[in-house]
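**Student:** In terms of numbering that gives the first Met the number 0, the sequence shown has 244 at position 245, counting the first letter as 1, and numbering is strictly consecutive. We put the beta carbon where it would ideally sit given N, CA and C, even for glycine. This is the structure I have questions about; it appears just below.
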Amino acid sequence: MRRRAPQDPEYARIEYFDLALADAAGEMDLNITANPALSSLLEPDEAVHEQNFKLMRRYGEWRREFHVRATQKVNVSTLEAAAAEHRWDWIDYLKLDTQGTEQRVLKGAEKLLRDFRISLIKCEVGFIPIYKDQCLFTDVDVFLKNLGFNFIDLIVYDHPFYSEGSAMTGETQNGLAGLGEGFRHTLGADAIYLMDMQRLPASERALRARACGVILAELGYLSRAHDILSRHAGLNHDEMRVVLLEHGVKPLKRQLKVFAARWLPPVFLPFLKPLYEFWKRRG
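Rendered as C-alpha cells:
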C-alpha cells in the first residue's frame, strides 16, 4: 500500500509486520489459491464443498477460486510473542480475517486475553467448514466468552456473488440439467466482542476506554460507545458529544464508499471517484 500511495498520509503512518500468526511458533504451509483472498494455512475441504454447494448456481466458478496453485513454507509465531517483541502494552482493536484459523490466532494470544490486554475484537467467523480443521462461529464464541468477553454483534456477509440474483452461467452439476440452487447459506460473518472495562486497573482504564469508545463509534455502535465513554472514560457530556459526532457520523464520501462496496458490481467501482469529484465541482 505504501508503494501504491506513497504520498497518502493514511498509509504513511501505518507500520507493517511481515508475520504469520497461529497458536504456536514453527513452520506451516501456506496454501495459495487461485483467488489470493482465499489463501489459507488450511487446505480447502472439497468434500464439504460438494456436500453443501454442488447444485449451487456458479458452483464451478466458485470452486475454481479455491484451487490450490502452490504451497509455500512460512514461519509462524503467536500474537503473544509479537506483543512481547514489539513491547505492546495492550491492543485496543484486534481485527482477524485469516481464512479459518482465527481461533488458533486467539489461542496464541490467550494470555493477552486473560489479562484483558485486548479491548475490542472483530473476528471473521464461519458456519460451514470450507477449509479442513476450520474453526466455526461456535468455537470462537465459546472461547472468547470463557475468557470474559461480551458478544456485541454478528455482521453477516452479503456478497453479490452469492445472491439469488447473481448472473447464471448455465452450468449444470452431475448431469442434473435444469437444476440450480440459489446460494442461501450463511457462509461467513464478522463477530464483535468487547472486554469488560471494569476489570481494567484504574490507572489505565480511562485511557483505554476513550480509545475503545472512539473505535466503537467508528464501527457504528454509538450506544455502546456512549456507555463506555460515560462510565469509564471520565468525559463530560460535551466532550462525549464531540467524540460521537466526529467518529460516529460518517461524511458523505465515506457513506458513498460503503454503499458502493455493498451494492454495486466491482466493474463500476473505478468510475466512482471521478464521478464524486465531478459532482463536488458542480456543487
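#1: Just to confirm, are Q148 and Y192 a CB contact at a threshold of 7 Å?
#2: Closest to D140 by CA distance: which of F115, E84, V241, I120 is it?
#3: Assess, as a yes-or-no matter, whether the region 123-138 is touched by the region 92-111 under the definition of 3 or more beta carbon pairs within less than 8 Å.
#4: From what residue to what residue does the beta strand (DSSP E) around C134 run?
#5: Counting pairs of beta carbons, one from the region 103-114 and one from the region 69-81, are three or more of them closer than 8 Å?
#6: At a cut of 8 Å, does the region 9-27 reach the region 66-77 through at least three beta carbon pairs?
#7: What is the residue span of the beta strand (DSSP E) that D152 lies within?
#8: On the CB-based measure, 16 or more other CB atoms within 10 Å of its CB, does A216 come out buried or exposed?
#9: On a CA-only basis, which of F150, T137, A208 is nearest R198? Give me that one, please.
#10: Would DSSP call V75 helix, strand or coil?
#11: Taking the CB atoms as reference points, tell me whether D44 and Y130 lie closer together than 7 Å.
#12: How is M194 classed by DSSP in three states: helix, strand or coil?
#13: Could you compute how far the alpha carbon of L153 sits from the alpha carbon of T185?
#14: Using 8 Å for Cβ pairs, my map puts A224 next to G212. What's the rounded Cβ distance?
#15: May I ask which residues mark the beginning and end of the alpha helix (DSSP H) holding Y58?
#16: Quick one: which unbroken beta strand (DSSP E) runs of 3-plus residues sit fully inside the region 181-244? Chain order, please.
#17: Is P128 helix, strand or coil by DSSP?
#18: Between the region 88-95 and the region 30-48, do at least 3 Cβ pairs fall closer than 8 Å?
#19: Just the C-alpha distance for A283 and G233, rounded to the nearest angstrom, thanks.
#20: By Cβ distance, which residues of its chain are closer than 6 Å to T171, with the 5 residues on each side in sequence left out?
#21: So if DSSP puts T32 in a beta bridge, which residue, or which two residues, is it bridged to?
**Tutor:** Well, looking at it:
#1: Reading off the sequence, residue 148 comes out as Phe, not Gln. Yes, they are a contact pair.
#2: I120
#3: yes
#4: Looking at the DSSP string, C134 is not in any beta strand (DSSP E), and its letter there is neither H nor E.
#5: yes
#6: yes
#7: 149-155
#8: buried
#9: A208
#10: strand
#11: yes
#12: coil
#13: 11 Å
#14: 5 Å
#15: 58-63
#16: 187-193
#17: coil
#18: no
#19: Because the chain spans 0 through 282 in this model, residue 283 falls outside it and cannot be assessed.
#20: Caution is warranted here: a pLDDT of 46 is assigned to T171, below 50, making its placement in the model unreliable, and no coordinate value can be reported.
#21: V67
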